[in-house]
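For the sequence shown, our numbering gives the first residue as 23, with consecutive numbering after it.
Every residue, glycine too, gets a C-beta built ideally from N, C-alpha and C.
Fair warning: this is a prediction, and the values are worked out from it, not measured in the lab.
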Amino acid sequence: MAKEFDNKTIFITGAAKGQGRAVALAFAEEGANIIAFDLGERIPYPAYNRSSNDDLEKLKSDVEAAGGKILIYAGDVRKAEDLKEAVDRGVKEFGGIDILFSNAGIAAYGYSWELTEEQWDALIDVNLKGGFLASKYVIPHMIEKKSGVIIYNSSVGGLRGFNRMSHYSASKHGLVGLTKSQAIELAPYGVRVVSLHPTGVNTPMNDGLAELEGTTAIEIAERSAGNLLKTPWLETEDIVEAVKYIASDRARYLTGSQFVLDAGLLTR
23 MAKEFDNKTI
33 FITGAAKGQG
43 RAVALAFAEE
53 GANIIAFDLG
63 ERIPYPAYNR
73 SSNDDLEKLK
83 SDVEAAGGKI
93 LIYAGDVRKA
103 EDLKEAVDRG
113 VKEFGGIDIL
123 FSNAGIAAYG
133 YSWELTEEQW
143 DALIDVNLKG
153 GFLASKYVIP
163 HMIEKKSGVI
173 IYNSSVGGLR
183 GFNRMSHYSA
193 SKHGLVGLTK
203 SQAIELAPYG
213 VRVVSLHPTG
223 VNTPMNDGLA
233 ELEGTTAIEI
243 AERSAGNLLK
253 TPWLETEDIV
263 EAVKYIASDR
273 ARYLTGSQFV
283 LDAGLLTR
């Protein structure tokens with residue numbers, strides 16, 4: 023029986039843990055080839071544990087154990103040369119790229135007037151510049167095929183402000199502008215661009231933020247969310263289903279849009 027993403031290739035940044043890992047495994051199960059990109063080491067800010075090369079290798083073994091095909095690349099979304107090389111390797115391995123899930127991201131707290139320039143740059147560079155650079159090298163291959171889907175994993179913080187997270191919210195708002203502009207640019211080539219806006223998601227990032235704040239992950243979720251529906255957070259499976267829909271032919275006329283999955287938060 024044919025699978026939904028047979029013979030498709032998805033490039034995922036921030037693939038080693040959390041939402042990226044869940045999407046990689048789900049798309050592999052649906053027949054897609056996976057290009058998994060992640061840093062694999064800690065960065066100075068924010069000062070909580072990040073994914074490791076071991077996490078990338080574990081993803082590779084899990085995908086292959088399920089019969090999927092995967093190429094892993096340990097690189098930095100802030101570095102153009104890393105993303106270019108990963109895209110080039112992926113295209114050589116699989117013949118093209120059909121879907122980009124730009125998911126790599128970081129979060130931290132701090133009042134805007136107390137943030138250092140380095141802290142501001144860190145959030146903007148990973149969350150916004152990283153998305154731009156990933157798309158920069160994927161887009162020419164989509165244009166050549168006259169098809170493709172780009173999904174930027176933004177946040178409800180890309181549609182509203184958050185206390186003590188101005189740099190995070192600014193980076194996620196920036197993805198909306200990138201989405202809308204690229205949707206205009208790429209429509210003539212049959213390439214769709216959508217930003218995804220989840221409320222809090224149950225991932226290791228919550229543990230990192232809890233570590234910084236001296237509290238628990240569930241307290242972080244409940245404090246920052248304020249969802250209307252009675253859940254402190256979404257699960258990674260909820261993100262998987264959203265990404266699968268946006269990337270599929272079922273959403274063939276969806277572009278330039280903000281796909282909100284917020285448990286009612288933005289209605290408050």
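{"Asked": "Does N149 come out as helix, strand or coil in the three-state DSSP assignment?", "Found": "helix"}
{"Asked": "Let's test the definition: count the other Cβ atoms within 10 Å of the Cβ of R64 and tell me whether it reaches 16, buried, or not, exposed.", "Found": "exposed"}
{"Asked": "Identify the continuous alpha helix (DSSP H) that holds T258 and give its terminal residues.", "Found": "258-269"}
{"Asked": "For A48, name the three-state secondary structure that DSSP assigns.", "Found": "helix"}
{"Asked": "So, helix, strand or coil for T35, using DSSP?", "Found": "strand"}
{"Asked": "Roughly how many angstroms lie between the CA atoms of N21 and R290, to the nearest whole one?", "Found": "Outside the displayed range of the chain (23 to 290) lies residue 21, so it cannot be described from this structure."}
{"Asked": "Hey, quick one: how far does the beta strand (DSSP E) through R214 stretch, first residue to last?", "Found": "213-220"}
{"Asked": "Does the pairing of the segment 111-125 with the segment 157-168 give three or more beta-carbon distances under 8 Å?", "Found": "yes"}
{"Asked": "Candidates V262, A243, I32: which alpha carbon is nearest T253's?", "Found": "A243"}
{"Asked": "Would you mind reading off the limits of the alpha helix (DSSP H) that contains S188?", "Found": "188-208"}
{"Asked": "Pick out the complete beta strand (DSSP E) segments inside the segment 117-165, 3 residues or longer, and give them in chain order.", "Found": "121-124"}
{"Asked": "Given A144, which residues of its chain have a CB within under 6 Å of its CB, disregarding the five upstream and five downstream residues?", "Found": "Y67"}
{"Asked": "When DSSP builds the beta bridges, which residues end up paired with N291?", "Found": "Because residue 291 is not part of the residues shown, which for the chain are 23 to 290, the question remains open."}
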